[in-house]
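Chemist:
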Amino acid sequence: MVAVNRSGRFLRLVALTAGVVGAALAVASPLRSERVSDIRNTKHNLSVTGPGPVQATGEDEVCVFCHTPHHADQNAPVPLWNRSLSGATYTPYTSSSMDALGLGQPGGSSKLCLSCHDGTIAIGAVNVLDGALTDQDPATADIDVTGTAPGGTVPEGEGAGTGFTRRLGTDLTNDHPISFTYNDNLAFDDGELRPPSSSPEIDNRVPGVRPAVPLEDGQLQCTSCHDPHVRDTVVQNIKFLRLHRFQQVEPVGGQFDAGSDIICLGCHDKEGWVGSAHANSVTADETYDPTAAALRDFPANLPVWQAGCLNCHDTHTVQGATRLLREATDSISVPKSGGSPAQEEACYQCHSSGGAVLNNQGTVNFEVPDIETDFLSLRHMPIAIQPEVHDIGTAPALQPGKDLLESQTLLGKTAPQNRHVECTDCHNP
423 MVAVNRSGRF
433 LRLVALTAGV
443 VGAALAVASP
453 LRSERVSDIR
463 NTKHNLSVTG
473 PGPVQATGED
483 EVCVFCHTPH
493 HADQNAPVPL
503 WNRSLSGATY
513 TPYTSSSMDA
523 LGLGQPGGSS
533 KLCLSCHDGT
543 IAIGAVNVLD
553 GALTDQDPAT
563 ADIDVTGTAP
573 GGTVPEGEGA
583 GTGFTRRLGT
593 DLTNDHPISF
603 TYNDNLAFDD
613 GELRPPSSSP
623 EIDNRVPGVR
633 PAVPLEDGQL
643 QCTSCHDPHV
653 RDTVVQNIKF
663 LRLHRFQQVE
673 PVGGQFDAGS
683 DIICLGCHDK
693 EGWVGSAHAN
703 SVTADETYDP
713 TAAALRDFPA
723 NLPVWQAGCL
733 NCHDTHTVQG
743 ATRLLREATD
753 SISVPKSGGS
763 PAQEEACYQC
773 HSSGGAVLNN
783 QGTVNFEVPD
793 IETDFLSLRH
803 MPIAIQPEVH
813 DIGTAPALQP
823 GKDLLESQTL
833 LGKTAPQNRH
843 VECTDCHNP
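The numbering of the sequence shown is this note's numbering, which starts it at 423 and goes up by one.
#1: Can you grab the Cα-Cα spacing for the pair Val458 / Pro721, in whole Å?
#2: Can you give me the Cβ contacts of Gln487 inside the same chain, cut-off strictly under 6 angstroms, excluding the 5 residues immediately before and after it?
#3: Apply the 10 Å Cβ neighbour rule to Leu438 and answer buried if 16 or more other Cβ atoms are within range, or exposed otherwise.
#4: For Asn626, count the other beta carbons within 10 Å of its own beta carbon; 16 or more makes it buried, fewer makes it exposed. Which is it?
#5: Return helix, strand or coil for Arg462, following the three-state DSSP convention.
#6: Which residues does DSSP list as the beta-bridge partners of Leu780?
#7: If we count the other Cβ atoms within 10 Å of its Cβ and call it buried at 16 or more, is Lys835 buried or exposed?
#8: With 16 as the cutoff for other CB atoms within 10 Å, does Phe678 come out buried or exposed?
#9: When the Cβ atoms of the region 546 to 560 are set against those of the region 490 to 500, are three or more pairs found closer than 8 angstroms?
#10: Go to Leu665, then tell me how far its alpha helix (DSSP H) extends in each direction, as first and last residue.
#11: If Arg505 and Ser537 are in contact, beta carbons under 8 angstroms, what's the gap, nearest whole angstrom?
#12: Can you have a look at Asp557 and say buried or exposed, based on whether 16 or more other CB atoms are within 10 angstroms of its CB?
#13: Once DSSP output is grouped into helix, strand and coil, what is the label at Gln839?
#14: Under the three-state reduction of DSSP, which class applies to Ile565: helix, strand or coil?
#15: Applying the 10 Å Cβ sphere with the 16-neighbour rule, what's the burial state of Thr713?
#16: Just to check my reading of the structure: Gly761 and Ser775 have Cβ atoms closer than 8 angstroms, yes? What is that Cβ distance to the nearest angstrom?
#17: Using 8 angstroms as the Cβ pair cut-off and three pairs as the minimum, do the region 703 to 712 and the region 629 to 638 touch?
#18: So which of His812, Asp736 and Asn782 has the shortest CA-CA distance to Leu827?
#19: Assuming Asp813 is part of the beta strand (DSSP E), what are its boundary residues?
#20: In three-state DSSP terms, what is His598?
#21: With 16 other CB atoms within 10 Å as the buried threshold, where does Gln669 fall?
#22: With respect to the beta strand (DSSP E) encompassing Asn626, which residues constitute its N-terminal and C-terminal limits?
#23: For Gln765, name the three-state secondary structure that DSSP assigns.
#24: Taking 8 angstroms as the threshold (C-beta atoms), are Thr516 and Leu523 in contact?
#25: Sort Pro818, Ala494, Pro822 and Ile461 by Cα distance to Glu483 and report the nearest one.
#26: Where does Pro725 sit, in a helix, a strand or coil, going by DSSP?
#27: Confirm, please, whether the CB-CB distance from Leu717 to Ile685 is below 8 angstroms.
#28: The beta strand (DSSP E) with Leu637 in it runs from where to where?
#29: Would you please state the rounded distance, in angstroms, between the beta carbons of Thr592 and Asp521? I believe it to be under 8 angstroms.
#30: Are the beta-carbon atoms of Val576 and Thr584 separated by less than 8 angstroms?
#31: For a quick check, are the C-beta atoms of Ser519 and Pro499 less than 8 angstroms apart?
#32: Among all the DSSP beta bridges, which residues are the ones paired with Trp503?
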C-alpha cells in the first residue's frame, strides 16, 4: 500500500511510474513519441505549482483535483474519481448528415471532462481532501483557485458564446458529438468514416490494446481524441490531443498515418481532400497572421495546408454555427459570439480583403480570391437574403451527406421560399 501524505511521496511515485511507462511507450511507438505523460507541465496541473492561468492559491497536490486514492466515487466510469458529476441536461450536437443512432446525453468518461468544462461545478470542488470527505457540494470550492469565472468555475476565455473558450456550457450543438457508437455500420452509412474493423488505430482500449483513437465500450468519447495528462516535447499547444493537431506532410490518402496526418483523418476519410487546393502544400502555402494564429492557438506563420481541417472547422466552434464550421455565424463581433448559421462566414475568413487571418491578406498580390467582395456587389448570388436553410444529408439517397445532397423541398420544389444558394452548393473545399 502507498500512503498519501502532504509531502507528495505518493505523487512522486505516480509520476515516476508514469515516466517509466511513458519511456517504454516512446521506444515501442516512435511515431507518437512526442507525447509525454507529464501532467505537472500542463494546464491540467491546477495546483499552486501549475503553469496555467487557473491555479490553486496554496494546494500543492496535483492529482487531487480529479483523483483520490481513498473514498473515491465508485459510480464514476474511471477509477479513483474525486469530483461530483454534473446533473445538467445537455443539448447534444445533431445534424441531418450525421448517421450515428441514439445520440443522447453525454456518458462514459466524457461526463468527467464536463464536470469542469460545462461550467456548472466549481473547479476546486472535490469529494475528498487531505484524506477526509468534504461537504461534497459541487457549488462550493473546497480548494481556493484563482483565474476562474464567478463561482470558481472554468473561465470563459474569449467569451462563452465564442469558439475560443473551453467553457462548453450545456448546449453542445456547436461541439463535436460524443457518446455515440462508432462501428462499421456507422462508417458505411456515412461513407466518409473509417471502418474500425479495417482501421487499427480505432478500437476499444482494453488491457494489452492501446489504439491511437481509443473507443470506450464501442463509443467515441472526449478521451478518444484527448488525453488530459499529456504534453508535447516541443513547446506548442497540442490541446491534449493524442495525435497530431496539424498535418506534418502533404496528405497522400489511403491508410491513416499517425506519424504525419492530422488527428481528424484518423476517423474522417474525406473524399476529395487529398489533392485538393486546401491540402496542397504548393497551392495552400499562405501563412497565418501572428495575431490570428494566437487567437486560434496556432503557431505563428502556420501554413494553411498544415492547418488542414482546422482552417474551416473547429471541434468546439462558435455557438450557432452548424457542422462545426469555424466562425460561421452572422455575429458581427470579433471574435464571433453566438448568432445564426452563416456558412459563408467560414469561407470569408480567408476569402476576403479584410479578414486579417492570413499574412498579406488584402494586398494586391495576395493569391487567395476575395470572394466576399463579389457578394457585396450589386449583382450576386443571394447567399444571405434569408435565414440559412441549406442542409445537406436531407435527400432520400445512400450517403447523402457525403455527396452534399439536399431534399428537393429545401431546394425550393413545392416550397419556393426555401430557394437558396450556399458556397457548398457549388463548391467542395
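Every residue gets a Cβ at the ideal spot worked out from N, C-alpha and C, and that includes glycine.
Modeler: The structure says:
#1: Here residue 458 refers to the residue found at position 36 when the sequence shown is read from its first residue. Here residue 721 refers to the residue found at position 299 when the sequence shown is read from its first residue. Going by the C-alpha atoms only, they are around 20 angstroms apart.
#2: The residue labelled residue 487 in the question sits at position 65 within the sequence shown. The displayed chain sequence assigns Phe, not Gln, to residue 487. The residues are Leu468.
#3: Numbered from its first residue, the sequence shown carries residue 438 at position 16. Because the pLDDT of Leu438 is 42, which lies under 50, any placement of that residue in the model is unreliable, and the number read from its coordinates should be weighed accordingly. Exposed, because fewer than 16 other Cβ atoms sit within 10 Å of the Cβ of Leu438.
#4: To locate residue 626, count along the sequence shown from 1; it is residue 204. So Asn626 ends up on the exposed side.
#5: As a position in the sequence shown, residue 462 is number 40, starting the count at 1. Helix, per DSSP.
#6: Here the question's residue 780 lines up with position 358 in the sequence shown. According to DSSP, which records beta bridges pairwise, Leu780 is partnered with Tyr710.
#7: Position 413 of the sequence shown, counted from the start, is the residue given in the question as residue 835. Exposed: under 16 other Cβ atoms inside 10 Å.
#8: Taking the first residue of the sequence shown as position 1, residue 678 is located at position 256. Under this definition Phe678 is a buried residue.
#9: yes
#10: As a first step, residue 665 is located in the sequence shown; it is residue number 243 there, counting from the start. Element bounds for Leu665: n/a, residue is neither H nor E.
#11: On the sequence shown, position 83 is the one that residue 505 refers to. On the sequence shown, position 115 is the one that residue 537 refers to. Arg505 to Ser537, Cβ: 5 angstroms. Contact.
#12: Here residue 557 corresponds to residue number 135 of the sequence shown, with the count starting at 1. Exposed: under 16 other Cβ atoms inside 10 Å.
#13: Looking up residue 839 in the sequence shown gives position 417. Helix at Gln839.
#14: The sequence position of residue 565 within the sequence shown is 143, counting from 1. Of the three classes helix, strand and coil, the one that applies to Ile565 here is coil, per DSSP.
#15: As a working mapping, residue 713 is identified with position 291 in the sequence shown. Exposed.
#16: Translated into positions along the sequence shown, residue 761 becomes position 339. Translated into positions along the sequence shown, residue 775 becomes position 353. Their Cβ separation, rounded to whole angstroms, is 22 angstroms, which puts Gly761 and Ser775 out of contact at 8 angstroms.
#17: no
#18: Your numbering for residue 827 matches position 405 in the sequence shown. When each option's Cα is compared against that of Leu827, the closest is His812.
#19: Within the sequence shown, the letter at position 391 stands for residue 813. Here Asp813 belongs to no beta strand (DSSP E), and DSSP marks it neither H nor E.
#20: As a first step, residue 598 is located in the sequence shown; it is residue number 176 there, counting from the start. Of the three classes helix, strand and coil, the one that applies to His598 here is coil, per DSSP.
#21: Position 247 of the sequence shown, counted from the start, is the residue given in the question as residue 669. Gln669 comes out buried.
#22: On the sequence shown, position 204 is the one that residue 626 refers to. Note, Asn626: beta strand (DSSP E), Ile624 to Asn626.
#23: Here residue 765 refers to the residue found at position 343 of the sequence shown. Reduced to three states, the DSSP call for Gln765 is coil.
#24: On the sequence shown, position 101 is the one that residue 523 refers to. On the sequence shown, position 94 is the one that residue 516 refers to. Contact: no.
#25: The sequence position of residue 483 within the sequence shown is 61, counting from 1. Ranking Pro818, Ala494, Pro822 and Ile461 by Cα distance to Glu483 puts Ile461 first.
#26: The sequence position of residue 725 within the sequence shown is 303, counting from 1. In this structure, Pro725 counts as strand in the three-state DSSP scheme.
#27: Locating residue 685 in the sequence shown gives position 263, where the first residue counts as 1. Locating residue 717 in the sequence shown gives position 295, where the first residue counts as 1. Contact flag unset, no.
#28: Your numbering for residue 637 matches position 215 in the sequence shown. Looking at the DSSP string, the run of the beta strand (DSSP E) that includes Leu637 is Val635 to Leu637.
#29: Counting from one through the sequence shown, the residue named residue 592 turns up at place 170. Counting from one through the sequence shown, the residue named residue 521 turns up at place 99. Rounded, the Cβ-Cβ distance is 25 angstroms, inconsistent with contact.
#30: Your numbering for residue 576 matches position 154 in the sequence shown. Your numbering for residue 584 matches position 162 in the sequence shown. The answer is no: Cβ separation not under 8 angstroms.
#31: In the sequence shown, counting from the first residue as 1, residue 519 sits at position 97. In the sequence shown, counting from the first residue as 1, residue 499 sits at position 77. The answer is no: Cβ separation not under 8 angstroms.
#32: Numbered from 1 along the sequence shown, position 81 holds the residue referred to as residue 503. Its beta-bridge partners are His489.
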